[in-house]
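Working notes, beginning with the structure itself.
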Amino acid sequence: MVVSVLSASVAIFASASSWIESTALDQCHQVAALPGMKHVAGMPDLHPGKGAPIGAAMSSSVLYPFLVGSDIGCGIAVFPIKLKRVVPEKLAARFPDLDEADHAFFDVADVPGGWTESLGTVGRGNHFVELARVGTVFDSDHATRLGLAAGDTVLIVHSGSRGLGERILRAHTEVHGAGPAADPAAYLAAHDDAVRWGSLNRRVMAARVADALGAAYQEPIVDECHNSVELRDGLYLHRKGAADGDRRDVLIAGTRGTPSFLVAGHAGEDAGWSVAHGAGRKMSRADALRRGKVKHTVEELRRTPVGSLVVCGDRQLLFEEAPTAYKRIEQVVGDLVEHKLASRVVSTVPVVTYKTADRRR
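The sequence shown begins at 1 in UniProt numbering and counts up by one.
Rendered as structure tokens:
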């Protein structure tokens, strides 16, 4: 569906059977009306954000930092990991405390921007570190090129630039609010540091987990951020909750109780060369907390329908991030395939999902 709004256009890449909240659609049109905006592409995981939609790629002749948000460089990386035995209960107990930094796993001199605070920590919200196994292989040739086969174990790390990205956005908004960047080059330089920082952060966490589980660290086979801006064809392409889908491999996260899907992206200009980044919320955190307390117990949420375990000492976060708070990942990925933005490579099934330290352990 493509709708013209002033000088910009809006395209939503979701099927008629997919539920897209009207507030998110309204936000797409509000963004499309901004000065300099050329095109807004909404992914099938589209949902409302703070002032701008999440799950969108937005092209403009003007750079708007608020369209990227505070967690610049947030993304998902996939790391191979070889384990002798996969026993969820034992592995869950061995996960390190990823709420606290451990400087033994990085060289301070090599940290982008010199920002060492919180490096190697996961953060809160929808961030996670997950040990998963490869489930269904949809494209055996592509999977083989990535070194993946059914039954293999992988680490999936979803996190971003923590306080660094927030500091960059605050420096802008305190002066310019939601307006454009007064000095795009200066913002991009800081932005690029945050993107590199986010990627390093995912690697440090993977190294920490591998070490705790008695495995060797291996470099990621996929690492794509989904909060960023880049110059493309003379325009600023902002991505908020959308990953680079221009001939890139992307892990699209499901929930801690459902599969995720590694896809090969082949999105074009109409889609902002982008694909979805996850299942996308269908409930606000407040609604998920209120409804979840009626339907679930804490212990039910610590063991998922796929038999995996959730490490999370924050009871409120357990309810806010319950699988029922999100859209069906199969529908989201199916929409991408239907619109020819991506093709499935493999699915991954959670074994242990770390959200925040469980002090009971």
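For every residue, glycine included, the Cβ atom is placed at its ideal position computed from N, Cα and C.
{"Asked": "Delimiting residues of the alpha helix (DSSP H) encompassing residue 173", "Found": "162-176"}
{"Asked": "Bridge-paired residues (DSSP) for residue 320", "Found": "BP columns for residue 320 are empty, so no partner."}
{"Asked": "Anticipated Cβ contact below 8 Å, residue 279 with residue 242, distance rounded", "Found": "So it is not a contact: roughly 14 Å between Cβ atoms."}
{"Asked": "Terminal residues of the beta strand (DSSP E) in which residue 76 lies", "Found": "75-80"}
{"Asked": "Exposed unless 16 or more other CB atoms sit within 10 angstroms - verdict on residue 327", "Found": "buried"}
{"Asked": "N-terminal and C-terminal residue of the alpha helix (DSSP H) that residue 298 is part of", "Found": "298-302"}
{"Asked": "Close-in-space but distant-in-sequence residues of the same chain around residue 300 (CB under 8 Å, 5 per side omitted)", "Found": "none"}
{"Asked": "For residue 11, the three-state DSSP class (helix, strand or coil)", "Found": "strand"}
{"Asked": "Sheet register partners of residue 225 (DSSP bridge)", "Found": "75"}
{"Asked": "Spatial neighbours of residue 70 in its chain, beta-carbon cut-off 6 Å, leaving aside the 5 residues before and after", "Found": "165, 166 and 169"}
{"Asked": "Nonlocal neighbours in the same chain, by C-beta distance under 7 Å from residue 103, ignoring five residues either side", "Found": "none"}
{"Asked": "Minimum length 3: unbroken beta strand (DSSP E) runs contained in the stretch 19-69", "Found": "37-47 and 54-60"}
{"Asked": "Those residues which DSSP pairs with residue 128 across a bridge", "Found": "158"}
{"Asked": "Integer-rounded CB distance, given that residue 157 should sit under 8 Å from residue 76", "Found": "7 Å"}
{"Asked": "Beta bridge counterpart(s) of residue 274 as assigned by DSSP", "Found": "244"}
{"Asked": "Neighbour-count burial assignment, residue 258, 16 or more Cβ in a 10 Å radius", "Found": "buried"}
{"Asked": "Cβ contact check for the stretch 229-243 and the stretch 55-70: 3 or more pairs under 8 Å", "Found": "yes"}
{"Asked": "Separation of residue 281 from residue 291, as counted between CA atoms", "Found": "14 Å"}
{"Asked": "C-alpha gap between residue 24 and residue 216, whole angstroms", "Found": "43 Å"}
{"Asked": "Length of the line joining the Cα atoms of residue 186 and residue 36", "Found": "20 Å"}
{"Asked": "DSSP state of residue 135 mapped onto helix, strand, coil", "Found": "strand"}
{"Asked": "Run of the alpha helix (DSSP H) containing residue 295, from where it starts to where it stops", "Found": "285-295"}
{"Asked": "DSSP-derived helix/strand/coil call for residue 238", "Found": "strand"}
{"Asked": "Coil, strand or helix - residue 354 by DSSP", "Found": "strand"}
{"Asked": "Exposure of residue 231, with buried meaning 16 or more beta-carbon neighbours within 10 Å", "Found": "exposed"}
{"Asked": "Simplified DSSP assignment, three categories, for residue 6", "Found": "Bear in mind that the predicted position of residue 6 carries a pLDDT of just 49, short of 50, making it unreliable; the figure below should be weighed with that in mind. It is coil, neither helix nor strand."}
{"Asked": "C-alpha distance - residue 154 paired with residue 209, whole-angstrom precision", "Found": "11 Å"}
{"Asked": "Cβ contact check for the stretch 106-118 and the stretch 216-229: 3 or more pairs under 8 Å", "Found": "no"}
{"Asked": "Whole-Å CB distance - residue 44 paired with residue 332, under 8 Å assumed", "Found": "5 Å"}
{"Asked": "Classification of residue 355 by the beta-carbon crowding that lies within 10 angstroms, buried from 16 upward", "Found": "buried"}
{"Asked": "Residue of 358, 120 and 247 minimising C-alpha distance to residue 265", "Found": "247"}
{"Asked": "Residue 321, buried or exposed, once every other Cβ within 10 Å from all chains shown has been counted against 16", "Found": "buried"}
{"Asked": "Other residues of its chain near residue 14: CB distance less than 6 Å, five sequence neighbours each side excluded", "Found": "20, 44 and 335"}
{"Asked": "Alpha carbon of residue 80 to alpha carbon of residue 115, nearest angstrom", "Found": "27 Å"}
{"Asked": "Own chain residues within Cβ distance below 7 Å of residue 5, not counting five before or after", "Found": "Note on residue 5: pLDDT 41, under 50, position unreliable in the model; no value is reported."}
{"Asked": "Cutoff 7 Å; reference residue 63; Cβ partners in own chain excluding five residues on either side", "Found": "180, 181, 184, 187, 229 and 236"}
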